[in-house]
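Be aware that the sequence shown starts at 24, since it is given in our numbering, and climbs by one per residue.
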Amino acid sequence: MKITVNSLENKLYDFQDFDLFFDIHPIKKDLSLLKDEKNLIQSIKNLILTKHYERPFRPEIGSNVNQMLFENNTSRYGLLLEKEITETITNFEPRIKLKNVNVNSERDYIIATISYYMVNGTELKTLNIPFSRNTI
């Protein structure tokens with residue numbers, strides 16, 4: 024990840040990282056980069072979907088969301104998922120200020136709605152991450 028000061032666009036930081044789909048840039052013929060909000064969205068999804076001990080030399084990074092998807096859907100189920108997602112983002116993504124996490128679980132389809140502010144921004148952003156018990 025590259026962080027640079029960028030005063031021309033009135034931003035404090037410019038976050039960049041490779042696109043994990045390894046798309047080729049049409050003009051440069053090089054790997055495409057994700058910047059700013061798209062980079063953060065990719066990072067949040069990766070953190071939530073990564074299992075503990077899945078990253079070499081960094082076993083603490085990740086969450087238990089994948090394992091929790093197969094639990095019984097009780098009244099506490101959504102709250103436990105919200106807590107796990109909140110802790111994961113708070114502990115491992117310093118580039119955002121988390122406002123709220125809401126989980127809507129209906130049968131086999133679960134949607135986590137994450138509201139946050141970018142560290143260098145004032146606009147409230149919302150990210151919806153769908154989970155399916157059939158595909159994970």
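Beta carbons: idealized from backbone N, C-alpha and C, even for Gly.
Given Q90 as reference, the closest of F115, L72, R99 once Cα atoms are compared: Within the sequence shown, numbered from 1, the residue matching residue 90 stands at position 67. Taking only the C-alpha atoms, the option nearest Q90 is L72.
Hey, L122 and S138: beta-carbon distance below 9 Å or not? Position 99 of the sequence shown, counting from 1, holds the residue named residue 122. Position 115 of the sequence shown, counting from 1, holds the residue named residue 138. Checking the displayed sequence, the identity of residue 122 turns out to be Lys instead of Leu. Result yes, Cβ atoms of K122 and S138 sit closer than 9 Å.
Cα-Cα separation, R118 to N127: Position 95 of the sequence shown, counted from the start, is the residue given in the question as residue 118. Position 104 of the sequence shown, counted from the start, is the residue given in the question as residue 127. Taking C-alpha positions only, R118 is separated from N127 by approximately 25 Å.
Can you give me the C-alpha to C-alpha distance between N125 and Q65, rounded to a whole angstrom? Position 102 of the sequence shown holds residue 125. Position 42 of the sequence shown holds residue 65. Each residue's Cα considered, the two are about 19 Å apart.
C-alpha gap between E116 and L63, whole angstroms: Taking the sequence shown and counting its residues from 1, one reaches residue 116 at position 93. Taking the sequence shown and counting its residues from 1, one reaches residue 63 at position 40. Whole-angstrom Cα-Cα distance: 9 Å.
Check whether the Cβ atoms of Y140 and L150 lie closer than 9 Å to each other. Numbered from its first residue, the sequence shown carries residue 140 at position 117. Numbered from its first residue, the sequence shown carries residue 150 at position 127. Contact flag unset, no.
Do I84 and I112 have their C-beta atoms closer together than 9 Å? Counted from its first residue, the sequence shown places residue 84 at position 61. Counted from its first residue, the sequence shown places residue 112 at position 89. No.
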